[in-house]
Structures are given as C-alpha cells and as structure tokens.
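Engineer:
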Amino acid sequence: MKNSLVAYKGKPARITDIVESKFALEFADGATLKVREKDFRFIHPEFTTVNEDYSKADFEMLAEFQEETLTLQEITEWLFDEYTAQNAWCVCLMVEDGLYFYWQKDRIFVRPTSQIENIQAKRDAEKLAAQSLTHCVENLSNNTFNEADEPYLKEIARVALNQSKTAKILAQVGVENTPDAAYQLLLKIKYFAVDFNPYPARFAIPKDEEIAVKVPEIERVDLTHLTCYAIDNDGSNDADDAISIDGNTLWVHVADVANIVPSGSDLDVYAQERGSNFYLPNEIIHMLPVSVTEASALGATEKSDALSFSFEFDGENINNIKVMQSVVCVTNTTYEAVDEMLMANSNEDLARIKAIGEAHKKYRDAQGSINLHLPNVDVRLVDGKVIIAPQATSASRDLVAEMMVMAGRTMAQFTNDNLIPVPYALQDKGDFDEEFLAKKDALTLSESFLAIKNFKRSAISVKPLLHYGLGLPYYLRVTSPMRRYYDLLAHQQIINFINDKPMLEVKRVKEIIGSVNMALADVGRVDRFSKDHFKCVFLMQNPKWLGTGIVVDTRGDKALFMIPELGMMTQIKFKNLPKLDEEMQLQVTRVNLVDKSANFKVT
Numbered sequence: 001m002k003n004s005l006v007a008y009k010g011k012p013a014r015i016t017d018i019v020e021s022k023f024a025l026e027f028a029d030g031a032t033l034k035v036r037e038k039d040f041r042f043i044h045p046e047f048t049t050v051n052e053d054y055s056k057a058d059f060e061m062l063a064e065f066q067e068e069t070l071t072l073q074e075i076t077e078w079l080f081d082e083y084t085a086q087n088a089w090c091v092c093l094m095v096e097d098g099l100y101f102y103w104q105k106d107r108i109f110v111r112p113t114s115q116i117e118n119i120q121a122k123r124d125a126e127k128l129a130a131q132s133l134t135h136c137v138e139n140l141s142n143n144t145f146n147e148a149d150e151p152y153l154k155e156i157a158r159v160a161l162n163q164s165k166t167a168k169i170l171a172q173v174g175v176e177n178t179p180d181a182a183y184q185l186l187l188k189i190k191y192f193a194v195d196f197n198p199y200p201a202r203f204a205i206p207k208d209e210e211i212a213v214k215v216p217e218i219e220r221v222d223l224t225h226l227t228c229y230a231i232d233n234d235g236s237n238d239a240d241d242a243i244s245i246d247g248n249t250l251w252v253h254v255a256d257v258a259n260i261v262p263s264g265s266d267l268d269v270y271a272q273e274r275g276s277n278f279y280l281p282n283e284i285i286h287m288l289p290v291s292v293t294e295a296s297a298l299g300a301t302e303k304s305d306a307l308s309f310s311f312e313f314d315g316e317n318i319n320n321i322k323v324m325q326s327v328v329c330v331t332n333t334t335y336e337a338v339d340e341m342l343m344a345n346s347n348e349d350l351a352r353i354k355a356i357g358e359a360h361k362k363y364r365d366a367q368g369s370i371n372l373h374l375p376n377v378d379v380r381l382v383d384g385k386v387i388i389a390p391q392a393t394s395a396s397r398d399l400v401a402e403m404m405v406m407a408g409r410t411m412a413q414f415t416n417d418n419l420i421p422v423p424y425a426l427q428d429k430g431d432f433d434e435e436f437l438a439k440k441d442a443l444t445l446s447e448s449f450l451a452i453k454n455f456k457r458s459a460i461s462v463k464p465l466l467h468y469g470l471g472l473p474y475y476l477r478v479t480s481p482m483r484r485y486y487d488l489l490a491h492q493q494i495i496n497f498i499n500d501k502p503m504l505e506v507k508r509v510k511e512i513i514g515s516v517n518m519a520l521a522d523v524g525r526v527d528r529f530s531k532d533h534f535k536c537v538f539l540m541q542n543p544k545w546l547g548t549g550i551v552v553d554t555r556g557d558k559a560l561f562m563i564p565e566l567g568m569m570t571q572i573k574f575k576n577l578p579k580l581d582e583e584m585q586l587q588v589t590r591v592n593l594v595d596k597s598a599n600f601k602v603t
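In terms of the UniProt record's numbering, the sequence shown opens at residue 1 and continues consecutively.
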C-alpha cells in the first residue's frame, strides 16, 4: 500500500511507510502523521498530486445506477471511463459532498434523481438565503433597507414587539435581542414610523373581532314616558348611560349589555380576556365586538333596551331603590349643549338633577371624600399629528360624573342588601393628618402631588368595603358594561337576581376577579406606555416646545417639575433649588422614544 493515495479528514495524502499497525502519511504541505488503517479511506494504489476537476465527469450515467451501491473504482470508471488517482479523488470529493452519493461503509450508494433534485434545491435556497442575509446586513449597517430585506425585518419586528426572543440577524449587526434594542433599530432605519404604537402588540392585547350578535327578546318595563338624556362628547355614538328625573325619583339607565352577553357565554369569555376598552391615542380596542355596541348603545334607535335603576336621595341616604330591565327613549346630547342649558337655566329636569348631584357631592365631602384635582391631559393622534389637550371640566361633566357615582352607591347598597355576589370597588383609608384634611379643598399643586403617596391603592373585592376616596361606605361600578368588564359582571348578577335565575357563587366571582385583574394590569401598562409614547412623538413634532413647569418636589440637588400642559414630569438639577409650586419656563432638549422619556431645561 506504500505510495497509495488516501483521504484523511478530507485531505489527500500519500502512504510513505507502514510500521506494525501504523501508517505514515505525508500531506501536500509536507506535514506527516502516523495513523491506524481505520482512520483513513483508500482512494487509489498510485499516488499523484490531485485537484478538483469534474469537467470530464459524465453525470448522465448515474441515472442507470439509482439506488445501487458500487465501489469507488466502479463509479470512477463509469463517470470518467478511467480509474486514475485524479479521477478517483474527484469521486471521493463528490461522495463527501453528498449530493449524488453517500458512503455505506466502503461502498457508495447512488442517490435517486428525486433526492438529488431536492438536495440541490435546498442548497440553492440556502445559498440564496446567505446572499440575502449578507445583503440585509450591509443595508442595516448603512441604516437603510429595501424590499428584499423584508423577511429579516419581520423577524426583527417580532423581537421588537415581544413576539419572539431572537432574530439571528441582530447578532450579525451587533444589536441585542431585546424588544427595546430591536425597536430602536427599526426606528433608526425608518421601518417603523415614530407614530407606530408597539405596546398593544408587546403585551399581546387581543384585537377587535367581527362577531354577529342576536338580541334576545325579553319582557321589559316600558319607561318611554321618561325624558332620558345621554350626555357624551360631540361625535360619540355609543352612549352606555342616560339619566332622567320623575318627581323626586332619579333614574339612571344603562345599556343592557348583559342581555346580549350572559355570564359564561363565548362573548363573556371574549370580554374577560380584554377586561376593558382601550382608549389609546391612535385607536380604540374594544372589550366587546363592535356589533354588541351597535346593538345595545342607548339612543342608537328610537327605543333602547336598558337596565334602569331608580332611587331617591334625602340629602344623606339613598332610598326606594328599584331595578328593572326596561325600554326607554333616549335623547343623545353633548356636554357643550347641556352646559348651555344649565347656564341659561332652560331645562328644569337637568337643573334639578344638577342640584341633587351637588347635594350628594356635599354629602360625600362631609364623609371625607378626597379629589386631588391633579392636571390630566387627553392625547390623540389625528392624521399623523399628535394633539395634547387638557381634560375638559364643566358643570355638565360634573353633573354626569356625580350621577354615575350615585348610581354606583345605589347599586352597591342594593346588591349588599340582597346578598348578590358582585365585584365591589374599594379603597382603604389613607394616611392623611388632620392638617391636610382641614385644607383638602384648597391644596397647592405640590401638596396634591405629595399627597398621592398617602392614598391606599384601590382594589376589587366581593366584600362591600369602604371607598375612602369617594367618601362612600361601599361602591359598585355599574354604568359602563360595554367598556368595563366588572360593570358587565355586576349587570349579569343583578339581572339574574331580579329574574330569579341562578347567580354565580362568591367563589366563582373571586376567580373571575383574579383573571380579569391580570388582564387589566396589561390594560394599565399599555394605556400608560402608549400615552407616554405619543407625548414623546408630540415633542418630536414640536422640537422647540416651550411651556410652564411647576415644582412639586425636591430630591437632593434636583427639582421635580410637573408640566400640566403635557401631563409629564421631569427632573432638573440646580445649584440653588427653587421653591415648591414655583413656576418656570421649560424647553424640551432631548426626546428618547424608546425610553418614552424627554429632558427639559429652564429658559
């Protein structure tokens, strides 16, 4: 076997000597090695310098030997006509390559044509993918992209939206496989526009679905003789509550959503998974299919189905509570229109409701209710432009808000008296001293801000417990069953009670509360992150923004400012700290959309 051509780990070698069971091999670079016979593969008895040259191979001959096993010499002779060291070496390389053949011990299996075509197609695809990857890496390195990069950009987007943990191409361009890093890259190359909101997708918020619904026919109390006012923003067409008055009796009528979405139904599960409507600056994500809203919104048709609560207020107590599934005639109006009527004293019903609401608010204040009146803003994206405006306040809004509080108090009393398991809203007593309580209605902005930490967190419980902030012994949200799941759950239980049908037991209501609380935690995060995102977009669209900041706290050598116009906070370092509640003009200096943060300076 001396001077034979062999293959050792894919390299050609010559056998120079045989000592006992060891074979001395010499390689083209002059290197030598002693190995055992099992470590190399015999190619040809005559050694020659070899190279890769397949030009003379007749691959058409392979069709005659599909799925047969031949020796290396036999295949060499068929492909090249002559069994030489050079030809045998080329066959060896082809076997190692694996496209046409593969080793079966010392013989060679000839692949069928179908296998060869599949392997070649796979290799062509891998080659194209490698070229495509290289192309995309080059583009990303130059902060650009084109249509050919789309598959890789989609992988990066999945990481940015927290739908995948890794995109291999990120490592190729030196970017971490984290949502923020991937998002920053896509912003940088302008694959994501700055007004794209990533947070609903990051938290896997379910999207709206179109589901047809049917409204069950039931016997209802005819209350069409009442004048019912659904007061909402201009342009709104999905009112879920209305108010009316008849003598000394107040009425709150709420869309009877639970008649369409009974407990345990598919739509009920749909709503539980969402927990609430999402009112984001760029979109509304609904808790229930829009078809439910269209079928149940008050005032959408001449007559509307409602769950109506009637009660009387004597200045302290809620009396004579009645609850019924009704049909009502609703007049849809706006806050602005009601403000005009109240100002002109042109509507006796609304004037009386306003007076009762003010009396109830006075009662709650006497019970210790606290409203810090911190500035809030509405953030909207309209035609690509972010608009930030202070949340409106007016007599009509105060009227509606207090009536909704009265409805919540009334139904908390009704469900407690009748032992109906429902999700009560509660808030423990805050840690406020007497000095604070004495001036709670005349707080400065900094005092209101610093008082936040003294409030206890609100919670949901099947037990009717104190709601400290509202100044009520118990409270139940019931006026937005289209938009809030706990309101819908309360309606389902109340309707079953008044119709003498089985209600969910306390244990099951507790389980639902636990599940919905998890959904609502994501609702809160997405709401907060989305608004912060679009506030930053606003500042990017207004890079020279200038406005008032008010000092609400000091921390070391930094002053914490509240910026009422933006609903934002910022810290600024000072040599001499300003006083609390001091106002200063601030100008934006930097915006970081990924961090949802902005820096300001005093001008």
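The C-beta atom is built at its ideal place from N, Cα and C for all residues, glycine as well.
Would you say His-491 and Val-257 are within 9 angstroms of each other, going by their C-beta atoms?
Structural biologist: Counting from one through the sequence shown, the residue named residue 491 turns up at place 491. Counting from one through the sequence shown, the residue named residue 257 turns up at place 257. The answer is yes: Cβ separation under 9 angstroms.
Engineer: Could you pull the DSSP bridge partners for Gly-549 from this structure?
Structural biologist: Position 549 of the sequence shown, counting from 1, holds the residue named residue 549. Met-584.
Engineer: Is Arg-36 helix, strand or coil when you go by DSSP?
Structural biologist: For the purposes of this step, residue 36 is taken as the residue at position 36 of the sequence shown. It is a strand residue.
Engineer: Whole angstroms are fine: how far does the CA of Lys-361 sit from the CA of Ser-448?
Structural biologist: On the sequence shown, residue 448 is found 448 positions in, with the first residue counted as 1. On the sequence shown, residue 361 is found 361 positions in, with the first residue counted as 1. In a straight line, the C-alpha of Ser-448 is about 20 angstroms away from that of Lys-361.
Engineer: Beta carbon of Ile-563, beta carbon of Leu-586: below 9 angstroms?
Structural biologist: On the sequence shown, residue 563 is found 563 positions in, with the first residue counted as 1. On the sequence shown, residue 586 is found 586 positions in, with the first residue counted as 1. Yes, the pair counts as a contact, with Cβ atoms nearer than the cut-off.
Engineer: Taking the alpha-carbon positions, what's the Tyr-363 to Leu-470 distance?
Structural biologist: As a first step, residue 363 must be located in the sequence shown, where it is residue number 363. As a first step, residue 470 must be located in the sequence shown, where it is residue number 470. So the alpha carbons of these two residues sit roughly 10 angstroms apart.
Engineer: Write down the C-beta distance between Met-341 and Asn-332 rounded to the nearest angstrom, noting that I regard them as a contact closer than 8 angstroms.
Structural biologist: The residue given as residue 341 occupies position 341 in the sequence shown. The residue given as residue 332 occupies position 332 in the sequence shown. About 14 angstroms separates the two Cβ atoms, so there is no contact after all.
Engineer: Using the C-alpha atoms, what's the distance from Leu-298 back to Ser-458?
Structural biologist: By 1-based counting over the sequence shown, the position of residue 458 is 458. By 1-based counting over the sequence shown, the position of residue 298 is 298. Computed Cα separation, rounded: 30 angstroms.
Engineer: Between the segment 408-415 and the segment 471-485, can you find at least three pairs of beta-carbon atoms closer than 8 angstroms?
Structural biologist: Yes: at least three Cβ pairs fall under 8 angstroms.
Engineer: Where are the alpha helix (DSSP H) runs, 4 residues long or more, that stay fully inside the segment 446-491, in chain order?
Structural biologist: Counting only runs of 4 or more, we get nothing.
Engineer: Any contact between the segment 287-294 and the segment 257-266? By contact I mean 3 or more CB pairs, one from each, below 8 angstroms.
Structural biologist: Yes, the segment 287-294 is in contact with the segment 257-266.
Engineer: When we look at the beta-carbon of Ser-265 and count the other beta-carbons within 10 Å, is it buried (16 or more) or exposed?
Structural biologist: Stepping through the sequence shown from its first residue, residue 265 is reached at position 265. Ser-265 is exposed by the Cβ-count criterion.
Engineer: Alpha carbon to alpha carbon, what distance is there between Arg-528 and Asp-398?
Structural biologist: One-based indexing of the sequence shown puts residue 398 at position 398. One-based indexing of the sequence shown puts residue 528 at position 528. Roughly 25 angstroms between the two C-alpha positions.
Engineer: The beta strand (DSSP E) that contains Phe-47, what's its start and end?
Structural biologist: Reading the sequence shown from its first residue, position 47 is the one you call residue 47. No beta strand (DSSP E) holds Phe-47; DSSP gives it neither H nor E.
Engineer: Following the continuous beta strand (DSSP E) through Asn-418, name the residue where it begins and the one where it ends.
Structural biologist: Your numbering for residue 418 matches position 418 in the sequence shown. Looking at the DSSP string, Asn-418 is not in any beta strand (DSSP E), and its letter there is neither H nor E.
Engineer: Any idea if Arg-14 is buried or exposed, counting beta-carbon neighbours within 10 angstroms, 16 or more meaning buried?
Structural biologist: Walking along the sequence shown from the start, residue 14 turns up at place 14. With 16 or more other Cβ atoms within 10 Å, it is buried.
Engineer: Let me know the secondary structure DSSP gives Arg-107 once reduced to three states.
Structural biologist: Numbered from its first residue, the sequence shown carries residue 107 at position 107. Arg-107: strand per DSSP, three-state reduction.
Engineer: Could you check the C-alpha separation between Tyr-191 and Lys-56 for me, to the nearest Å?
Structural biologist: Walking along the sequence shown from the start, residue 191 turns up at place 191. Walking along the sequence shown from the start, residue 56 turns up at place 56. One C-alpha to the other measures close to 51 angstroms.
Engineer: Do you know offhand how far Lys-456's Cα is from Leu-133's?
Structural biologist: Position 456 of the sequence shown, counting from 1, holds the residue named residue 456. Position 133 of the sequence shown, counting from 1, holds the residue named residue 133. If you take the alpha carbons of Lys-456 and Leu-133, they lie about 54 angstroms apart.
Engineer: Considering only residues of the same chain and omitting the five flanking positions on each side of Glu-283, which have a CB-CB separation below 6 angstroms?
Structural biologist: As a first step, residue 283 is located in the sequence shown; it is residue number 283 there, counting from the start. Cβ within range, chain order: n/a, list empty.
Engineer: Which full runs of the alpha helix (DSSP H) of 4+ residues lie inside the segment 305-381, going along the chain?
Structural biologist: Taking only runs of at least 4 residues, the alpha helix (DSSP H) segments lying wholly in the segment 305-381 are 335-344, 348-366.
Engineer: Could you name the residues of the same chain whose beta carbon sits closer than 6 angstroms to that of Phe-278, not counting the 5 residues immediately before and after it, in chain order?
Structural biologist: Here residue 278 refers to the residue found at position 278 when the sequence shown is read from its first residue. Excluding residues within five positions, the ones whose Cβ falls inside 6 angstroms are Ile-285.
Engineer: DSSP state of Asn-146, grouped into three classes?
Structural biologist: Residue 146 sits at position 146 when you count from the first residue of the sequence shown. Here Asn-146 sits in coil by DSSP.
Engineer: Cβ of Gly-549 within 9 angstroms of Cβ of Met-584?
Structural biologist: As a working mapping, residue 549 is identified with position 549 in the sequence shown. As a working mapping, residue 584 is identified with position 584 in the sequence shown. Taking 9 angstroms as the Cβ cut-off, Gly-549 and Met-584 qualify as a contacting pair.
Engineer: Identify every residue that forms a DSSP beta bridge with Thr-249.
Structural biologist: Against the sequence shown, residue 249 aligns to sequence position 249. Beta-bridge pairing links Thr-249 to Asp-246.
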